[in-house]
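**Q** Take a look at the following structure, please.
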């Protein structure tokens with residue numbers, strides 16, 4: 007997927023914490039993660055976090071972020087979070103972030119992805135359903151202090167296609183095949 011002009015997708019760094027936390031609080035005013043929680047995620051070797059930032063004049067501004075967590079060798083991953091600034095919603099940024107998270111999950115050998123989404127967020131639910139996610143459970147009053155239920159959603163990821171062994175490889179590859 008391509009982003010609108012003036013935006014770029016990149017891997018998040020711990021130095022992005024302040025910008026990510028600003029957007030976290032703007033997006034989730036009643037149940038935002040703490041800076042300590044988010045910092046732990048950005049530093050985690052099991053996490054894969056991305057940001058979308060502006061590329062125009064002045065300092066870049068983070069307008070979206072998303073994160074995935076998966077342990078090495080585990081065929082299961084969790085989408086931890088995703089947010090896009092209110093001014094930039096409806097431009098495909100969330101889809102771009104989510105697509106990249108799922109692509110990374112496939113690269114890690116993940117076959118099953120889980121996430122939670124607020125029961126009162128039909129826009130996100132529709133996006134996830136469009137990616138093949140299905141609601142499998144409800145966590146009552148999961149989001150506090152609002153007491154909003156969480157939908158637990160799950161999708162199976164098709165494996166990354168591997169080329170057949172008989173396919174021609176790079177020059178000299180035939181000497182390496184046994």
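Numbering (my numbering), first residue to last: 7 to 184.
Glycine included, each C-beta is placed from N, C-alpha and C at the ideal position.
Please state whether DSSP places residue 2 in a helix, a strand or coil.
**A** This structure cannot settle anything about residue 2, because the visible part of the chain is limited to 7 through 184.
**Q** Looking at the strands, I want to know which residues DSSP matches up with residue 123.
**A** 157
**Q** Among 71, 9, 85, 38, which has the Cα closest to the Cα of residue 118?
**A** 85
**Q** For residue 161, which option in 121, 92, 150 has the closest C-alpha, if you only look at C-alpha atoms?
**A** 121
**Q** Should residue 50 go down as buried or exposed, given a rule of 16 or more other Cβ atoms within 10 Å for buried?
**A** exposed
**Q** In whole angstroms, give me the CA-to-CA distance for residue 95 and residue 33.
**A** 11 Å
**Q** Can you grab the Cα-Cα spacing for the pair residue 139 / residue 114, in whole Å?
**A** Cα atoms of residue 139 and residue 114: separation of roughly 19 Å, rounded to the nearest angstrom.
**Q** Which residue from 137, 13, 147, 87 puts its Cα closest to that of residue 61?
**A** Ranking 137, 13, 147, 87 by Cα distance to residue 61 puts 13 first.
**Q** What would DSSP say about residue 95, mapped onto helix, strand or coil?
**A** coil
**Q** Measuring only the C-alpha atoms, how far is residue 184 from residue 93?
**A** The predicted position of residue 184 is uncertain, since its pLDDT is 47 and thus under 50; no value can be drawn from it.
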